[in-house]
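Protein chains in written order, with our numbering: chain A, 1 to 137; chain B, 1001 to 1189. Where is the CB? At the ideal position from N, CA and C, for every residue including glycine. For clarity, every value in this text was computed on a predicted model and none was experimentally measured. All remarks here apply to the structure that follows.
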């Protein structure tokens, strides 16, 4: 009869974006300012370290048309730690000015945040969240 | 004369879709005239994949395809009541597939490698992704599908076959997105 064995815990990140949908504030000439908080919550029970994260602009909620990857120093340079203790969370502001053609915003624009992590046991993980983008006034 | 090998019944533009011996769709004049070329091309490209052929051959039930330019994305396949379908039996199973062929890459924006570029590309991807959901429904598997390793494995295979190996189909909002009520504002004053 096979013996039961305990499954090892793994660090697991959950991502949230606030506000959801993101509000794109028009600056003129198809340029918009995106200003939102990224919340990274450890939910697996093991400390994790953020390696980097990517923010994609998606057309039709699916097709990346703009992508930018930020190293963990993006977080630490703002005075936050890039590691998250088990069960804790990290929340930081993200502000970018991007050109977003009106056709994009009218046809299901979305943003996807993807974070890559390594937990305290050296196990790598990747988590993403997709949110809609609405035009502000 | 060759035997009829398609099990699935596709209703497109209000008419049944016929298949040739290679299980590729043969459109009627009405479907050619009144349904979008991108949706037809996407159907043909998905049907030419191994997954598409296998599903057309195997799927019991009826797939009703609707084009809706007001959809927020390229397509969706609302979750049917799987318990009700199981009670009804195979012959009366009905799946809905809603597609939006209005995809356009905004001027000045470039698509990353391995991603859809044209409306037909996007429709091929939508057919592949949404028919994979219908495949899972037909096997009695409710949403969410995206976190399932078997769903992602099959998606990767069919996405590569249609030429978009880098296109993801894994976002975590499928339950909320698919079930939420749609409210359209048709006028203001």
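Notebook entry, point to check: How many angstroms separate the CA atom of residue 122/A from the CA atom of residue 48/A?
Noted result: Translated into positions along the first chain, residue 122/A becomes position 122. Translated into positions along the first chain, residue 48/A becomes position 48. Roughly 9 Å separates the two Cα atoms.
Shortest alpha-carbon distance to residue 89/A belongs to which of 124/A, 58/A, 37/A? Taking the first chain and counting its residues from 1, one reaches residue 89/A at position 89. In terms of Cα proximity to residue 89/A, the closest of 124/A, 58/A, 37/A is 37/A.
Using the Cα positions of residue 115/A and residue 1096/B, report the straight-line distance between them to the nearest angstrom. Translated into positions along the first chain, residue 115/A becomes position 115. Translated into positions along the second chain, residue 1096/B becomes position 96. The alpha-carbon separation between residue 115/A and residue 1096/B amounts to approximately 34 Å.
Proximal residues, the stretch 16 to 44 of chain A versus chain B, C-beta separation under 8 Å = none
Query raised in the report: In whole angstroms, what is the alpha-carbon distance linking residue 1182/B and residue 55/A?
Result: Numbered from its first residue, the second chain carries residue 1182/B at position 182. Numbered from its first residue, the first chain carries residue 55/A at position 55. Caution is warranted here: a pLDDT of 41 is assigned to residue 1182/B, below 50, making its placement in the model unreliable, and the coordinate value is therefore given only provisionally. For residue 1182/B and residue 55/A, the distance between alpha carbons rounds to 27 Å.
Amino acids of chain E, ordered along the chain, whose beta-carbon sits closer than 7 Å to that of residue 72/A: Among the protein chains of the structure shown, namely A and B, there is no chain E.
In this structure, how does DSSP classify residue 1134/B when only helix, strand and coil are distinguished? If you number the second chain from 1, residue 1134/B lands on position 134. Reduced to three states, the DSSP call for residue 1134/B is helix.
How would you write the range of the beta strand (DSSP E) that residue 1213/B sits in, first residue to last?
Outside the displayed span of chain B (1001 to 1189) sits residue 1213/B, for which this structure offers no information.
Helix or strand or just coil, what does DSSP make of residue 1141/B? Taking the second chain and counting its residues from 1, one reaches residue 1141/B at position 141. Here residue 1141/B sits in coil by DSSP.
Point to revise | DSSP-derived helix/strand/coil call for residue 100/A | key: Indexing the first chain from 1 puts residue 100/A at position 100. Looking at residue 100/A - three-state DSSP - the assignment turns out to be coil, as it is neither helix nor strand.
* To do: May I have a chain-ordered list of the beta strand (DSSP E) segments no shorter than 3 residues that lie completely inside the stretch 32 to 106 of chain A?
  => Scanning the stretch 32 to 106 of chain A for uninterrupted beta strand (DSSP E) segments of 3 residues or longer gives 48 to 59, 63 to 71, 89 to 99, listed from N- to C-terminal end.
Practice item. Tell me, to the nearest whole angstrom, how far the beta carbon of residue 1128/B is from that of residue 1158/B; I am working on the premise that it is less than 8 Å. Key: Position 128 of the second chain, counted from the start, is the residue given in the question as residue 1128/B. Position 158 of the second chain, counted from the start, is the residue given in the question as residue 1158/B. The pair is a contact, with the Cβ atoms about 5 Å apart (cut-off 8 Å).
- Query: Excluding the five sequence neighbours on either side, which residues of its own chain have a C-beta within less than 7 Å of the C-beta of residue 46/A, listed in chain order?
  - Reply: Residue numbering aside, residue 46/A sits at position 46 when the first chain is read from its first letter. Cβ within range, chain order: 9, 10, 11, 86, 119, 120, 121.
Exercise. How long is the line joining the alpha carbons of residue 26/A and residue 1140/B, rounded to whole angstroms?
Worked result: Mapped onto the first chain, residue 26/A falls at position 26. Mapped onto the second chain, residue 1140/B falls at position 140. Approximately 46 Å between the Cα atoms of the pair.
Which residues in chain A sit within 7 Å of residue 1115/B, going by Cβ to Cβ distance?
Within the second chain, the letter at position 115 stands for residue 1115/B. Chain A residues near residue 1115/B: 63, 64.
**Study point:** DSSP beta-bridge partners of residue 5/A
**Key:** Along the first chain, read from residue 1 onward, the residue named residue 5/A stands at position 5. Residue 5/A is not bridged to any residue.
inquiry  = On the DSSP letters alone, give me the boundaries of the beta strand (DSSP E) that residue 1012/B sits inside.
reply    = As a working mapping, residue 1012/B is identified with position 12 in the second chain. Its beta strand (DSSP E) spans residues 1009 to 1012.
Quick check on residue 130/A - is its C-beta less than 9 Å from some C-beta in chain B?
Locating residue 130/A in the first chain gives position 130, where the first residue counts as 1. By this cut-off, residue 130/A is an interface position.
(request) Taking only beta-carbon positions, decide if residue 107/A is within less than 9 Å of chain B. (result) For the purposes of this step, residue 107/A is identified with residue 107 of the first chain, where counting begins at 1. Answer yes: the Cβ-Cβ gap between residue 107/A and chain B drops below 9 Å somewhere.
### Task
May I ask which residues mark the beginning and end of the alpha helix (DSSP H) holding residue 1156/B?
Translated into positions along the second chain, residue 1156/B becomes position 156. Its alpha helix (DSSP H) spans residues 1149 to 1161.
- Query: Comparing the C-beta of residue 104/A with each C-beta of chain B, is any distance below 9 Å?
  - Reply: As a first step, residue 104/A is located in the first chain; it is residue number 104 there, counting from the start. At least one chain B Cβ lies under 9 Å of residue 104/A.
### Task
Hey, could you find the ends of the beta strand (DSSP E) residue 1055/B is sitting in?
The count along the second chain starts at 1 and reaches residue 1055/B at position 55. From DSSP, residue 1055/B is part of no beta strand (DSSP E) but of the alpha helix (DSSP H) over 1050 to 1058.
Within chain B, the residues that residue 101/A reaches when beta carbons sit closer than 9 Å
On the first chain, residue 101/A is found 101 positions in, with the first residue counted as 1. Correct list: 1106, 1107, 1108, 1109.
>> For residue 7/A and residue 43/A, what's the separation of their Cα atoms in angstroms?
In response: Within the first chain, the letter at position 7 stands for residue 7/A. Within the first chain, the letter at position 43 stands for residue 43/A. Whole-angstrom Cα-Cα distance: 16 Å.
Review point. Between which two residues does the beta strand (DSSP E) containing residue 116/A stretch?
Key: Locating residue 116/A in the first chain gives position 116, counting from the first residue. Note, residue 116/A: beta strand (DSSP E), 110 to 119.
Query raised in the report: What residues from chain A crowd round residue 1074/B, counting only those whose CB sits closer than 9 Å?
Result: By one-based count along the second chain, residue 1074/B stands at place 74. 60, 61, 62, 63, 108, listed in chain order.
Q | Where the beta strand (DSSP E) containing residue 1066/B begins and where it ends | A | On the second chain, residue 1066/B is found 66 positions in, with the first residue counted as 1. Taken as a continuous stretch (DSSP letters only), the beta strand (DSSP E) holding residue 1066/B covers 1062 to 1067.
Own chain, CB closer than 7 Å to residue 1170/B, minus 5 neighbours either side, in chain order: For the purposes of this step, residue 1170/B is taken as the residue at position 170 of the second chain. Excluding sequence neighbours, residue 1170/B sits near 1146, 1152.
Going by DSSP, what residue range makes up the alpha helix (DSSP H) through residue 1021/B? Position 21 of the second chain, counting from 1, holds the residue named residue 1021/B. Careful: residue 1021/B lies outside any alpha helix (DSSP H) and carries neither H nor E.
For residue 72/A, which residues of its own chain have a beta-carbon under 7 Å away from its beta-carbon, when the five flanking residues on both sides are left out? Mapped onto the first chain, residue 72/A falls at position 72. Answer for residue 72/A: 50, 51, 52, 82, listed in chain order.
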